[in-house]
Amino acid sequence: MIESERQARVRKSTSLHLAMEAAETLRQITEFPDNPESMAYFYDLYQSRFKDGMILPQNGKKLVGTMCLQVPDELIVAAGAVPVRLCSGAYAFDQAGGDFMPAKSCPLVRATMGMLQVNNDTMKDNLSTIVIPTTCDQKRSSVEMLRNMDYPVTVLEMPASKESDEARTYWQESVKQFALSIQKTCGRKITAKALNAAVRTKLEAGKLFRSLQQLRTESHPVILGKDIWLVSNSYFFDDPDQWCKAVGKLIAELDSRKSAGFSAINRKAPRLLFTGSPPIFPNLKLPILVEQAGGLVVADETCSSERLLHDAVVFDEKNLNDMVPAIADRYLKPCTCPCLTPNTDRAKKILEMVRSNRVEGVVYQAFSGCLPYEMEQRGISDMLSREGVPMLFVETDYSPEDQGQLSTRVEAFIESIKVRKRKKQ
Amino acid sequence: MSSIRKFLNNSDINRFRFYFQLVAFGLLVYGGYLSINIGDQLPTFACVFDDKRGGSCYLMGFQHQMTFPYARLFSGAGIGILIGLLTFVGFFIIFNKAWCGFACPLGAIQDWLTMLRCKMGIYYSSYSEPVFKRLSTIKYILLALLILIPMGIGNSFFGLPTLNHDFGVPFCMICPGRTLLPLFNGDFSQLAIDFSSKTKMVFSGLGLGITGMFLAGAFAKKRFFCLFCPMSALHYIFSRASLLRLTKDGEKCTRCGNCYRVCDVGIRAIADDLEHINIVKDDCMMCLKCVSACPEDGCLKASFLGMPVYESTAEGFFRRRLKEDD
Chain A
1 MIESERQARV
11 RKSTSLHLAM
21 EAAETLRQIT
31 EFPDNPESMA
41 YFYDLYQSRF
51 KDGMILPQNG
61 KKLVGTMCLQ
71 VPDELIVAAG
81 AVPVRLCSGA
91 YAFDQAGGDF
101 MPAKSCPLVR
111 ATMGMLQVNN
121 DTMKDNLSTI
131 VIPTTCDQKR
141 SSVEMLRNMD
151 YPVTVLEMPA
161 SKESDEARTY
171 WQESVKQFAL
181 SIQKTCGRKI
191 TAKALNAAVR
201 TKLEAGKLFR
211 SLQQLRTESH
221 PVILGKDIWL
231 VSNSYFFDDP
241 DQWCKAVGKL
251 IAELDSRKSA
261 GFSAINRKAP
271 RLLFTGSPPI
281 FPNLKLPILV
291 EQAGGLVVAD
301 ETCSSERLLH
311 DAVVFDEKNL
321 NDMVPAIADR
331 YLKPCTCPCL
341 TPNTDRAKKI
351 LEMVRSNRVE
361 GVVYQAFSGC
371 LPYEMEQRGI
381 SDMLSREGVP
391 MLFVETDYSP
401 EDQGQLSTRV
411 EAFIESIKVR
421 KRKKQ
Chain B
426 MSSIRKFLNN
436 SDINRFRFYF
446 QLVAFGLLVY
456 GGYLSINIGD
466 QLPTFACVFD
476 DKRGGSCYLM
486 GFQHQMTFPY
496 ARLFSGAGIG
506 ILIGLLTFVG
516 FFIIFNKAWC
526 GFACPLGAIQ
536 DWLTMLRCKM
546 GIYYSSYSEP
556 VFKRLSTIKY
566 ILLALLILIP
576 MGIGNSFFGL
586 PTLNHDFGVP
596 FCMICPGRTL
606 LPLFNGDFSQ
616 LAIDFSSKTK
626 MVFSGLGLGI
636 TGMFLAGAFA
646 KKRFFCLFCP
656 MSALHYIFSR
666 ASLLRLTKDG
676 EKCTRCGNCY
686 RVCDVGIRAI
696 ADDLEHINIV
706 KDDCMMCLKC
716 VSACPEDGCL
726 KASFLGMPVY
736 ESTAEGFFRR
746 RLKEDD
């Protein structure tokens with residue numbers, strides 16, 4: 001009795017904090033001048049989702065929670081359910097998770113676990129299962145914890161490397177088993193037709209996302225990075241068709257901005273690439289700080305944005321035998337998650353992005369506790385210095401406490417790029 | 426110019442290839458009806474046993490020439506052989522291995538078998554990559570044999586007795602082109618075991634067996650026979666000199682593996698090789714499916730005399746992928 005009362009109290013205070021946090025992030029985002037009008041859809045979306053506690057989408061369909069972008073959500077859609085990515089960026093949930101998670105764990109995992117703990121009784125009933133790929137240690141270890149909280153968990157076994165043919169075969173088999181288990185969970189057989197439709201929807205989203213990406217890197221910047229995070233983050237939970245429609249509208253508006261020669265920010269603003277641990281709403285602290293300080297994030301290499309939608313499924317034969325392994329390939333082969341070893345593809349991708357987008361500086365975020373990103377930092381930094389591109393490495397978490405100190409560092413970094421630029425001219 | 430390029434890059438190469446193969450098949454198998462003869466040194470299986478053909482496969486003449494004794498081989502007659510080889514190379518370097526992907530009648534038959542399998546909803550069988558690698562050396566062995574066996578007719582190796590003339594065109598005897606292509610002109614005479622001599626009996630028996638394996642293999646696995654094709658091995662020797670090139674810009678590659686996924690002959694290097702610019706491997710048939718499956722701008726490129734003719738673009742990729750069912 002006392003326990004459940006305490007739980008209710010914690011949930012109430014957490015949801016209150018969450019709403020405040022979300023409102024604050026949205027306030028900072030909308031405070032920028034010249035926000036595209038069609039961004040209103042996304043601002044409203046976040047407003048309503050985080051208004052009171054965590055709202056899961058409700059449309060009568062079964063919900064399947066995913067804890068990583070490595071989960072092939074096409075299969076979930078084809079099985080008639082709605083995938084929702086649970087990875088949380090909320091400090092309120094991070095604090096809730098702090099009650100039972102190690103102090104040095106990654107804030108993303110801690111917040112996600114906190115959210116699932118605080119909302120245990122409602123989410124348990126709403127989620128048909130939670131899919132966790134065996135990526136980093138902390139996500140792997142949360143499987144048992146979630147089972148102890150009585151959540152149904154589906155483990156998606158992922159190899160620790162993607163180089164060998166054996167790893168590829170293993171992953172393909174793993175995804176096949178996942179397809180079999182998810183159709184059992186959702187009570188609907190996956191057909192080639194349904195799977196094809198799901199693949200097409202994601203392709204459509206990927207196509208739109210690429211166009212948006214293109215617009216973001218224009219030499220007349222027509223949109224700021226802070227809005228892109230909102231757009232890509234919302235793919236975690238929004239209805240894909242609605243999402244595509246809204247993004248299509250946004251692209252149309254940006255296109256007209258482009259032809260009108262409009263610039264959303266000073267054209268000389270340092271062009272930055274953002275990489276490392278994923279910024280997830282409401283924790284857009286660092287990306288927002290960067291743009292408040294006069295930088296412009298023209299590209300990102302993170303699993304909450306670019307990696308989510310850039311790659312595309314290709315199959316040769318429209319039958320499940322070819323489609324399911326093709327989907328598996330899309331989630332493993334191009335993956336640049338640092339939980340994979342070797343991960344030379346990530347460095348290569350960053351370098352390519354730096355070159356093709358005329359990037360002048362890189363902001364590297366690592367959540368304290370996210371060892372894979374922290375460890376890769378050095379190599380990336382060395383590579384970039386050989387390329388003559390400065391990098392700012394920031395180790396941070398979800399708490400707003402380091403905001404002041406961070407903004408000083410970010411401002412100094414951006415100022416130094418401006419000085420370099422002036423010297424070059 | 427840029428609009429032509431855009432049109433080409435947005436096009437669906439698979440559909441184009443399907444119709445091109447039909448035309449090429451008609452030309453090479455039925456060309457004789459229109460008195461067409463493209464040449465006698467074609468780098469593709471325009472089978473000599475089909476008397477209505479529109480050109481001839483080089484391998485038949487080549488094997489025949491190899492039966493010459495050394496004395497004749499290195500005399501004036503050698504010039505004729507050299508000219509034959511040069512004509513072959515001349516034909517070949519224009520289209521490179523696209524001869525396999527776009528013109529070869531045996532390749533077309535295999536592709537039609539694959540289409541039939543897909544229509545019937547039957548799954549393909551797959552093999553692991555190492556097995557593939559091992560199998561693909563067979564074509565070099567066949568190439569060596571189709572030179573060495575005829576040589577053994579005109580010359581004695583290490584003092585051994587020479588072979589009789591039934592060994593004359595050993596590869597033709599086992600080539601499924603000999604048994605299958607005349608069928609399209611109603612000639613069933615090759616579908617028999619020749620009992621006139623022991624050698625012929627063994628070769629024609631082997632030929633029938635291989636024909637069966639060709640049909641069954643190609644039904645289960647895309648372009649199964651191409652892995653063993655000595656013509657493909659001979660091509661590869663001259664591939665680098667070709668005017669048509671398939672190149673890769675490793676910097677733009679994300680190693681997403683889409684190209685490897687759709688590759689009928691399972692060339693892994695197309696996805697994983699980031700260093701080499703020329704990406705044509707010995708098994709490649711330049712069907713250009715990889716280019717059409719690549720979503721990165723300018724990563725894979727087919728160019729003729731340095732002019733890009735088909736290039737991977739994100740726009741073309743999404744157009745092709747999202748169009749398919751409409």
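Line order of the protein sequences matches chains A and B.
First residue of the first sequence? That's 1 in the working numbering, and the numbers climb one at a time after it.
First residue of the second sequence? That's 426 in the working numbering, and the numbers climb one at a time after it.
The beta carbon of each residue, even a glycine, is placed where N, CA and C say it ideally should be.
Span separating the alpha-carbon of residue i from that of residue j
{"i": "A264 (chain A)", "j": "Q47 (chain A)", "result": "24 Å"}
{"i": "F499 (chain B)", "j": "F649 (chain B)", "result": "38 Å"}
{"i": "F393 (chain A)", "j": "G404 (chain A)", "result": "16 Å"}
{"i": "R665 (chain B)", "j": "T672 (chain B)", "result": "11 Å"}
{"i": "L406 (chain A)", "j": "P287 (chain A)", "result": "11 Å"}
{"i": "R422 (chain A)", "j": "I251 (chain A)", "result": "33 Å"}
{"i": "S38 (chain A)", "j": "E352 (chain A)", "result": "31 Å"}
{"i": "L608 (chain B)", "j": "K544 (chain B)", "result": "24 Å"}
{"i": "P33 (chain A)", "j": "R27 (chain A)", "result": "12 Å"}
{"i": "S554 (chain B)", "j": "C684 (chain B)", "result": "A quick correction: the sequence has Glu, not Ser, at residue 554 (chain B). C-alpha separation (whole angstroms): 15 Å."}
{"i": "P83 (chain A)", "j": "L63 (chain A)", "result": "6 Å"}
Residue-chain proximity (residue i, chain B), Cβ-Cβ < 8 Å
{"i": "E306 (chain A)", "result": "no"}
{"i": "L180 (chain A)", "result": "no"}
{"i": "P57 (chain A)", "result": "no"}
{"i": "L384 (chain A)", "result": "no"}
{"i": "N319 (chain A)", "result": "yes"}
{"i": "K184 (chain A)", "result": "no"}
{"i": "R210 (chain A)", "result": "yes"}
{"i": "P334 (chain A)", "result": "yes"}
{"i": "A8 (chain A)", "result": "no"}
{"i": "V314 (chain A)", "result": "yes"}
{"i": "E204 (chain A)", "result": "yes"}
{"i": "K349 (chain A)", "result": "yes"}
{"i": "A293 (chain A)", "result": "no"}
{"i": "K139 (chain A)", "result": "no"}
Reduced DSSP category for residue i - H, G, I as helix; E, B as strand; rest coil
{"i": "S128 (chain A)", "result": "strand"}
{"i": "D751 (chain B)", "result": "Caution is warranted here: a pLDDT of 48 is assigned to D751 (chain B), below 50, making its placement in the model unreliable, and no coordinate value can be reported."}
{"i": "K61 (chain A)", "result": "coil"}
{"i": "F470 (chain B)", "result": "coil"}
{"i": "L640 (chain B)", "result": "helix"}
{"i": "C482 (chain B)", "result": "strand"}
{"i": "A160 (chain A)", "result": "coil"}
{"i": "E301 (chain A)", "result": "strand"}
{"i": "V153 (chain A)", "result": "strand"}
{"i": "E411 (chain A)", "result": "helix"}
{"i": "L224 (chain A)", "result": "coil"}
{"i": "P586 (chain B)", "result": "coil"}
{"i": "M710 (chain B)", "result": "coil"}
{"i": "V389 (chain A)", "result": "coil"}
Sheet register partners of residue i (DSSP bridge)
{"i": "E736 (chain B)", "result": "B:K726"}
{"i": "E173 (chain A)", "result": "Looking at the DSSP assignment, E173 (chain A) forms no beta bridge with any residue, so it has no partner."}
{"i": "M145 (chain A)", "result": "According to DSSP, M145 (chain A) bridges with nothing at all."}
{"i": "P83 (chain A)", "result": "A:V64"}
{"i": "N703 (chain B)", "result": "B:T672"}
{"i": "R745 (chain B)", "result": "DSSP, once it has assigned bridges, lists no residue as partnering R745 (chain B)."}
{"i": "G276 (chain A)", "result": "A:Q365"}
{"i": "R271 (chain A)", "result": "A:L296"}
{"i": "N357 (chain A)", "result": "In DSSP, N357 (chain A) forms no bridge with anything."}
CB contact below 8 Å: residue i versus chain A
{"i": "L747 (chain B)", "result": "yes"}
{"i": "T679 (chain B)", "result": "yes"}
{"i": "F743 (chain B)", "result": "yes"}
{"i": "C543 (chain B)", "result": "yes"}
Nearest-angstrom Cβ-Cβ length linking residue i and residue j, presumed shorter than 8 Å
{"i": "S234 (chain A)", "j": "F42 (chain A)", "result": "6 Å"}
{"i": "V363 (chain A)", "j": "V290 (chain A)", "result": "6 Å"}
{"i": "L467 (chain B)", "j": "Y483 (chain B)", "result": "6 Å"}
{"i": "V222 (chain A)", "j": "F262 (chain A)", "result": "6 Å"}
{"i": "P733 (chain B)", "j": "K726 (chain B)", "result": "5 Å"}
{"i": "L531 (chain B)", "j": "P595 (chain B)", "result": "About 18 Å; that fails the 8 Å criterion."}
{"i": "Y735 (chain B)", "j": "N439 (chain B)", "result": "The pair is not a contact, with the Cβ atoms about 12 Å apart (cut-off 8 Å)."}
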